[in-house]
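Have a look at the structure below before the remarks.
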Amino acid sequence: MNKMKRTNKWLSALLVLVLALAVGLAGCGGNQNTQPSDQGQNNTGDQGQTATPADVQELHLMLSDEPPALDAQITTDQLSILLLGAVQEGLVRVNQDGIQPGIAEKWDVSQDGLKYTFHLNKNAKWSNGDPVTAQDFSDAWERAANAENASQYASMITDYIKGAKEYYDYTNYLVLKKQYETDKATYEENNKQEDGTVPTPDVVAFGKPVKDPQPVTWDQVGVKVVDPNTLEVELIQAVPYWLELTSFPTYLPINKKFYEANKDKYATEPQYLLYNGPFVLQEWLHDQKVTLTKNPTYWDANTVKLEKITFDIVKDSNTALNLYEAGDVDRTGLTREQVPQYKDDPNFKTFPEMAHFYFVFNTKVKPFDNVKVRKAISL
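Numbers given in this note's numbering equal positions in the sequence shown, counted from 1, plus 1469.
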């Protein structure tokens, strides 16, 4: 059995931010009490600037657009994922030093790599005071894997956890069946003949399954809540990087009671989301700014240095650069056209980013010389 215990504390709140910039300038904003420091580094490896001890510990950044919503199991956009990394916490975190304990303070892995047992931090709480439990993780993963919720990242669960794909397929059947019944009723209403009869519809057009499958419940999936602080997960096959995947938003926990009470508005405003990470969403002025403040209920709050992070929503890159030059913000990204002007600036930083933007195929070699193959990959 392999065991990993928490060995370090977060040195800075910047450790929880995945700042989505490929190149950028980092410096001291005109109204910020900040000085260069070698303590804080974010997950992308950018050294940046972090606040030194002072009366006010604040960081002023920018977002390039309005975050659609902060629903961890549903969101797919980079801006929402960035903010979720600051206000919520999963089983583990990943920074420049690798995998670090999050809500799970330690975990065991079976010798064959198929079974993970997570031991949760008993001090972890939601911002309403509820404990963060193993059930919260199970509920979140079930929600993502249920086809009714149309999570675009359901495969993060179904491709790895034993039985999750079968659960998804069954719930997808239920969705199709419901849609079939709806479409069938509409068809009959629109195609009723004068004598009251209805032509037999082509049921395939309605997506009705050929054969009713055997029911699959979440209890049959490889996720077991042993007790409030112990979660067992069984994988389809050993995947060396699966533990890192649990830091992705789809794997974040959910407080089901709170979610059910706020279902229609969940994650659309600060009051409709619970927080278990280093920060809480204090203010969300849509299309203007997002303000985060330190979460006093976070289990490791004593090591979070920043008191406040403000994100102005600035959609124009030239406006963003002007705000940086004026000292109104602490950091800005640069477009390709802006890089030459600033590449020799001491505050100019570049760092790797976990993202892909496009694929290029060598169309002269097999199988990519076949246009049908290229089209299939693009689906």
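Even for Gly, the Cβ is constructed at its ideal location relative to N, Cα and C.
Would you grab the beta carbon distance between residue i and residue j for me? Rounded to a whole angstrom, and I think it's under 8 Å.
{"i": "D1799", "j": "L1530", "result": "6 Å"}
{"i": "Q1569", "j": "E1776", "result": "Incorrect: roughly 22 Å between the Cβ atoms, too far for contact."}
{"i": "I1626", "j": "T1719", "result": "7 Å"}
{"i": "W1595", "j": "L1700", "result": "In fact, because the Cβ distance is near 16 Å, the residues do not count as touching under 8 Å."}
{"i": "V1695", "j": "A1770", "result": "Not quite, the Cβ-Cβ distance comes to about 28 Å (not below 8 Å), so this is no contact."}
{"i": "R1583", "j": "L1714", "result": "According to the sequence displayed, residue 1583 carries Leu and not Arg. With a Cβ gap of about 15 Å, L1583 and L1714 do not count as contacting."}
{"i": "A1633", "j": "A1614", "result": "5 Å"}
{"i": "E1617", "j": "T1640", "result": "6 Å"}
Alpha carbons only, please: which of the options is nearest the one belonging to residue i?
{"i": "K1784", "options": "K1774, Y1636, K1758 and T1762", "result": "K1758"}
{"i": "L1548", "options": "L1528, G1802, P1537 and K1584", "result": "P1537"}
{"i": "E1729", "options": "G1571, A1573, D1608 and L1552", "result": "D1608"}
{"i": "V1563", "options": "D1534, S1716, L1721 and K1732", "result": "S1716"}
{"i": "T1760", "options": "L1643, T1772 and E1738", "result": "E1738"}
{"i": "Q1689", "options": "K1653, K1734, D1628 and E1635", "result": "E1635"}
{"i": "T1779", "options": "N1787, F1748 and V1808", "result": "F1748"}
{"i": "E1558", "options": "N1745, D1756 and F1820", "result": "N1745"}
{"i": "G1802", "options": "D1813, A1795 and K1818", "result": "K1818"}
{"i": "F1587", "options": "W1576, Q1580 and N1597", "result": "W1576"}
{"i": "P1684", "options": "L1712, V1578 and Y1637", "result": "Y1637"}
{"i": "N1764", "options": "L1750, K1653 and A1707", "result": "L1750"}
Taking DSSP's pairing of strands, which residues face residue i in a bridge?
{"i": "Q1463", "result": "Coverage of the chain is limited to positions 1470 through 1848, which leaves residue 1463 absent and any answer about it impossible."}
{"i": "F1606", "result": "DSSP output for F1606 lists no bridge partner at all."}
{"i": "D1688", "result": "Partner(s): none; D1688 has no beta bridge."}
{"i": "E1535", "result": "Paired residues: none, contrary to the question."}
{"i": "I1630", "result": "L1704"}
{"i": "E1527", "result": "K1777"}
{"i": "K1693", "result": "E1701"}
{"i": "K1594", "result": "P1600"}
{"i": "F1748", "result": "K1763"}
With DSSP run on the structure shown, which of helix, strand or coil describes residue i?
{"i": "W1753", "result": "strand"}
{"i": "Y1420", "result": "Past the edges of the chain, shown from 1470 to 1848, lies residue 1420, and the structure says nothing about it."}
{"i": "F1727", "result": "helix"}
{"i": "V1485", "result": "Confidence is the limiting factor: at V1485 the pLDDT is only 36, short of 50, which leaves the residue's position unreliable, though a coordinate-based value still follows. Reduced to three states, the DSSP call for V1485 is helix."}
{"i": "P1836", "result": "coil"}
{"i": "K1661", "result": "coil"}
{"i": "L1761", "result": "strand"}
{"i": "P1600", "result": "strand"}
{"i": "N1615", "result": "coil"}
{"i": "V1673", "result": "Bear in mind that the predicted position of V1673 carries a pLDDT of just 49, short of 50, making it too unreliable to give a figure here."}
{"i": "V1556", "result": "helix"}
{"i": "E1738", "result": "coil"}
Does residue i get closer than 8 Å to chain C when you measure Cβ to Cβ?
{"i": "V1759", "result": "The displayed structure is made up of one protein chain only, and chain C is not part of it."}
Does at least one heavy atom of the ligand GDP sit under 7 Å from the Cβ of residue i?
{"i": "L1704", "result": "For the ligand GDP, the structure offers nothing, since it holds no ligand at all."}
* Run through the region 1779-1824 for me and flag every whole alpha helix (DSSP H) of 4 or more residues, listed as ranges in chain order. => Every unbroken stretch of the alpha helix (DSSP H) spanning 4 or more residues and falling wholly within the region 1779-1824 is given here in chain order: 1786-1794 and 1808-1811.
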